[in-house]
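My numbering numbers the first residue of the sequence shown as 3 and each following residue consecutively. Glycine included, each C-beta is placed from N, C-alpha and C at the ideal position. Some notes on the structure that comes next.
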Amino acid sequence: MDSLVTITIILTFFATTFYTLRNSFAFEKYLFRVDNILIDRQFYRIVTSGFLHNGWVHFGFNALSFYFFGQIVEASLPFYSYLLLYFGSLVGGSLLSLFIHRQHGDYSAVGASGAISGVMFAFAFLYPDSGIGMLFLPIHINAVIFCFLYTLISIYGIKRALGNIGHDAHLGGAITGLLLAAILEPDILRLHWDTFLILLLPTVIFMTLIVLKPEIMLIDRYTSYQFRRLREGKSEKKKVASADPEVEINRILDKINERGIESLTRSERKRLENAKL
3 MDSLVTITII
13 LTFFATTFYT
23 LRNSFAFEKY
33 LFRVDNILID
43 RQFYRIVTSG
53 FLHNGWVHFG
63 FNALSFYFFG
73 QIVEASLPFY
83 SYLLLYFGSL
93 VGGSLLSLFI
103 HRQHGDYSAV
113 GASGAISGVM
123 FAFAFLYPDS
133 GIGMLFLPIH
143 INAVIFCFLY
153 TLISIYGIKR
163 ALGNIGHDAH
173 LGGAITGLLL
183 AAILEPDILR
193 LHWDTFLILL
203 LPTVIFMTLI
213 VLKPEIMLID
223 RYTSYQFRRL
233 REGKSEKKKV
243 ASADPEVEIN
253 RILDKINERG
263 IESLTRSERK
273 RLENAKL
C-alpha cells in the first residue's frame, strides 16, 4: 500500500484530535506554548502540537490537504526519507515559530500545517510541472507558482499578524521540507535547481530581514501613537492587578482548575509564587 504512512499519520491525527478535544488538560499539556518550551524546557511540545487541532474543520482541512500531497510524495521517496521529511518539516515549522515569538511567552498554537507545508513544497520540487487544484473550483495552478505565492502570503501574514493563523509555522515547515527534499534527492536538485531557487529565495530574504532588522518586518504596523497607547494599556493593566491582587490570584486559580497548571504563563506563575510567600 503506497500511502500507508500518510494514512497512518491521518488516523493518528484523528485519534489525538478526538481525545484532546474532549480532554482540555491533555490539550494544554501538548500544545505549542513559548514559555512552556523555553522556560519549562518541555521540548516535546515542538512535536506533539503538530498532532492537535482546534476543531474538526481544522482537522478535516489538514487531513485532506495532507492526503492529496502526501500520497504522491510518499510514493516518490523511500520510507525513512518520507518520515524524515514529514517530521523534519514539523520541527522546522515549530522552531521558526519559536524564534519569531520568543518574546511572546503566552503565544500558543496547534496543528500539522507546518509539516503539511513541507510535504507540499517537496511535491512542487519533485514535480514542478504539476498543477494544484483549488478546492471546489475548476481551477489548476502550476505547483511552483502556487508554492511561491504561498510563501509570499505566509511572509505577509507574519508581518501583518493576519488572523488566528500560524503563518510562521507554515513558512518554516515549507522551507524545511524543500531543503530536506533537495538533500534527499540531489539528482532532482541538479535537474530542478531553478525551481529550488525560486521557492527558497523569498524566505532567505525574509529571514535575513527579521534577523538584521526585525522592527521592519514585525512591528512596523504600529505607529508611535499606537505604541504609546499600547504602553499605557499595559500600565493600566498593571495598576488594576496591583490594586486588587486577590482578584488576580483567584483568576489564576480558576484557570488552573479549568485548564491545568500547564496553561499558566510565566508572569502568572510568578504572581502565584509571590502570593505563596
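query                                                                                                                             : result
Three-state secondary structure assigned by DSSP to G174                                                                          : helix
Residue nearest to V112 in terms of C-alpha spacing, selected from H172, F70, Y158                                                : H172
Three-state secondary structure assigned by DSSP to I143                                                                          : strand
Cβ-Cβ distance between T197 and A176 below 9 angstroms                                                                            : no
Same chain, Cβ closer than 8 angstroms to S26, neighbours up to 5 away in sequence not counted                                    : E260, R261, G262
Contact belief for G179 with G120 at Cβ below 8 angstroms, rounded distance in angstroms                                          : 2 angstroms
For R268, the residue or residues it bridges with in DSSP                                                                         : For R268, which the question treats as bridged, DSSP gives no partner whatsoever.
Alpha carbon of F150 to alpha carbon of W58, nearest angstrom                                                                     : 28 angstroms
Expected contact under 8 angstroms - CB spacing of F34 and R47 to nearest Å                                                       : 5 angstroms
Through-space distance from T8 to D131, alpha-carbon basis                                                                        : 23 angstroms
In chain order, each alpha helix (DSSP H) run of at least 4 residues that lies wholly inside the region 38 to 85                  : 47 to 50, 58 to 78
Inter-stretch contact (C-beta, 8 angstroms, three-pair minimum) for the region 76 to 89 and the region 180 to 188                 : yes
Residue burial classification, D1 (beta-carbon count within 10 angstroms, cutoff 16)                                              : In the structure as shown, the chain begins at 3 and stops at 279. Residue 1 is therefore absent and cannot be evaluated.
D189 vs A77 beta-carbon contact at 9 angstroms                                                                                    : no
Chain-order list of residues whose beta-carbon lies under 6 angstroms from that of F68 (same chain, five-residue window excluded) : I118
Local conformation of G107 per DSSP, three classes                                                                                : coil
Span separating the alpha-carbon of Y291 from that of F15                                                                         : Here the chain comprises residues numbered 3 to 279, so residue 291 is not present and cannot be evaluated.
Best match in L202, F20, R192 for proximity to G62 [C-alpha to C-alpha]                                                           : F20
C-beta contact flag for F125 and V75 at 9 angstroms                                                                               : yes
Cutoff 8 angstroms; reference A145; Cβ partners in own chain excluding five residues on either side                               : F125, A126, Y129, P130, D131, S132, G133, I134
Same chain, Cβ closer than 7 angstroms to L100, five either side skipped, listed in chain order                                   : V36, I39
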